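For reference, the structure is listed below as structure tokens.
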Amino acid sequence: MAGVLITAAILEPSPEGMGTHEQLGLSPCYFPEKLGVPCPACGMTTSWAHLMDGNIQASAEVNLGGFFLALTCLFCVPWFVGSAIKGDWIMLRMTDGRLLVFLVSWLLVTMADWVIRRLLL
237 MAGVLITAAI LEPSPEGMGT HEQLGLSPCY FPEKLGVPCP ACGMTTSWAH LMDGNIQASA
297 EVNLGGFFLA LTCLFCVPWF VGSAIKGDWI MLRMTDGRLL VFLVSWLLVT MADWVIRRLL
357 L
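Residues in the sequence shown are numbered consecutively from 237, following the numbering used here.
Okay, here's the thing in structure tokens:
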């Protein structure tokens, strides 16, 4: 997780709002290239790069699911490190149920953001 956050901090957010991942040598997304619409993950890397630059508003505007995921990782890294040092979970024990709630919440935010952007914007 820390490595992904460090990578996002090094990247320059794409001014188009998506495509930042191409700086890592990855290919452009298939959706906008072939279908003419961004996919639900389009802009996630850009969102992470904005958040790591301290631009919270741009991060949330580009991809709300990406913002939610990156922010969670920012909080989880010190929590995981501290828990590893202590040898037990600090404050809150990670359970399968909590992980499932997080994943479903993240998926709902990502899909709702994508649908709203396609239908209303």
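Virtual Cβ for every residue (Gly too), placed ideally from N, Cα, C.
Note that this is a predicted model, so its numbers are computed, not measured.
Helix, strand or coil at residue i according to DSSP, with G and I counted as helix
| i | result |
| --- | --- |
| Ser250 | coil |
| Ser295 | helix |
| Ser263 | coil |
| Arg354 | helix |
| Trp315 | helix |
Among the options, nearest to residue i - alpha-carbon criterion
| i | options | result |
| --- | --- | --- |
| Asp349 | Gly333, Cys278, Asp332 | Cys278 |
Residue i versus residue j: straight-line alpha-carbon distance, rounded
| i | j | result |
| --- | --- | --- |
| Thr243 | Leu356 | 32 Å |
| Asn291 | Gly333 | 32 Å |
| Val337 | Thr331 | 10 Å |
| Leu241 | Leu262 | 17 Å |
| Leu247 | Thr256 | 7 Å |
| Asp289 | Pro249 | 9 Å |
Limits of the alpha helix (DSSP H) - the one that residue i falls within
| i | result |
| --- | --- |
| Val273 | Taken as a continuous stretch (DSSP letters only), Val273 belongs to no alpha helix (DSSP H), as it is neither H nor E. |
| Met268 | In the sequence on display, residue 268 carries Pro and not Met. Counting along the chain, Pro268 falls outside any alpha helix (DSSP H), and DSSP gives it neither H nor E. |
| His286 | 280-288 |
Counting Cβ pairs closer than 8 Å, one from the stretch 314-322 and one from the stretch 280-289, do we hit at least three? no
Pair every Cβ in the stretch 335-345 with every Cβ in the stretch 298-305, then say whether three or more of these pairs are closer than 8 Å. Yes, the stretch 335-345 is in contact with the stretch 298-305.
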